[in-house]
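Protein chains in written order, with my numbering: chain A, 4 to 142; chain B, 4 to 142.
All residues carry an ideal CB built from backbone N, CA and C; glycine is no exception.
Inspection log for the structure reproduced underneath, given as structure tokens.
Below, the structure written as structure tokens:
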């Protein structure tokens, strides 16, 4: 249970640091992760359902965040040419530029709050242990 | 960064398991944690500001959750006798009973999703590493 409380507290506190840093950039953490996933995907586009799965978020929650990104001109929605039911989120050029501007500050925050605090052995244990936790629950 | 993604994914997925299990009991995770903190405190009472600090949550977010608990009869608010500005959350008898009913299912969920998946060495490394992360950010 000591581990569980450390996990809960670190999750909440690292999350708070990230939220504060990204808020200064006008993005939520989910919005930032949407931009990252789109930038990493083929042609900067993913189905909304794929995005929701990748971010472990509900479709309704994701839909709201993508609407905010659309209003900011960073993402646009398109209907999926191969699936009439599917809607695709597409990264705009402006979105790609914005991500390039915001990413260094975000990475620095994660590094300062989490990565730099851990020993290499602790990092490895977290990558392996929590990786397995994630795979089992996602499976 | 592999560690960071494992940490993010495990946080989201374990959180989802817990939310689903507690939703069946009519509680949010924050509401459950409020009941636990009050039950662990002297005379089942804490200032709202102490609760917000302990749960790493905003005062406005906490206020909403405590209002929901009040409506369910599990917590009541009182003015603090030693501090005119302070409002105290008090666990009711019904709240204590409800926590006793709900806790075993919650603990079983945390155990199944997280604790049982990790090796003892991983658990120790996570407790120590993330404990240090939390202490630095809370400090």
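Nonlocal neighbours in the same chain, by C-beta distance under 8 Å from residue i, ignoring five residues either side
i, result
"residue 37 of chain B", "54, 58, 65, 68, 69, 72, 78 and 92"
"residue 62 of chain A", "51, 52 and 55"
"residue 22 of chain A", "31 and 32"
Beta carbon of residue i nearer than 8 Å to that of residue j
i, j, result
"residue 137 of chain B", "residue 141 of chain A", "no"
"residue 112 of chain A", "residue 132 of chain B", "no"
"residue 83 of chain A", "residue 76 of chain A", "no"
"residue 47 of chain B", "residue 16 of chain B", "no"
"residue 135 of chain B", "residue 120 of chain A", "yes"
"residue 109 of chain A", "residue 49 of chain A", "no"
"residue 14 of chain A", "residue 14 of chain B", "yes"
Strand pairing of residue i, partner residues [DSSP]
i, result
"residue 92 of chain A", "A:49 and A:80"
Beta-carbon proximity list for residue i, same chain, < 7 Å, skipping 5 on both sides
i, result
"residue 34 of chain B", "68, 71 and 72"
"residue 60 of chain B", "33"
"residue 19 of chain B", "none"
Residue i Cβ short of 7 Å to the ligand GDP heavy atom set
i, result
"residue 140 of chain B", "Absence of the ligand GDP is noted for the structure shown, with no ligands found whatsoever."
message: With three or more C-beta pairs closer than 8 Å as the rule, is the stretch 98-108 of chain A touching the stretch 30-50 of chain A?
response: As far as the Cβ criterion goes, the stretch 30-50 of chain A touches the stretch 98-108 of chain A, which means the pair count is three or higher.
field: Three or more C-beta pairs below 8 Å linking the stretch 38-52 of chain B and the stretch 118-127 of chain B
entry: Contact fails: fewer than three Cβ-Cβ distances are below 8 Å.
- prompt: At a Cβ cut of 8 Å, what residues of the stretch 104-137 of chain A count as close to chain B, listed as they run along the chain?
  reply: Answer set for the stretch 104-137 of chain A: 113, 116, 117, 118, 120, 121, 122, 124, 125, 126, 127, 128, 129, 130, 131, 132, 133, 134, 135, 136 and 137.
Residues from the stretch 17-42 of chain B in contact with chain A, defined by Cβ distance under 7 Å: When CB distances to chain A are screened at a threshold of 7 Å, the residues of the stretch 17-42 of chain B falling below it are 17, 19 and 20, in chain order.
task: Would you list, in chain order, the members of the stretch 56-76 of chain A that have their beta-carbon closer than 7 Å to a beta-carbon of chain B?
output: Residues passing the 7 Å Cβ filter: 59.
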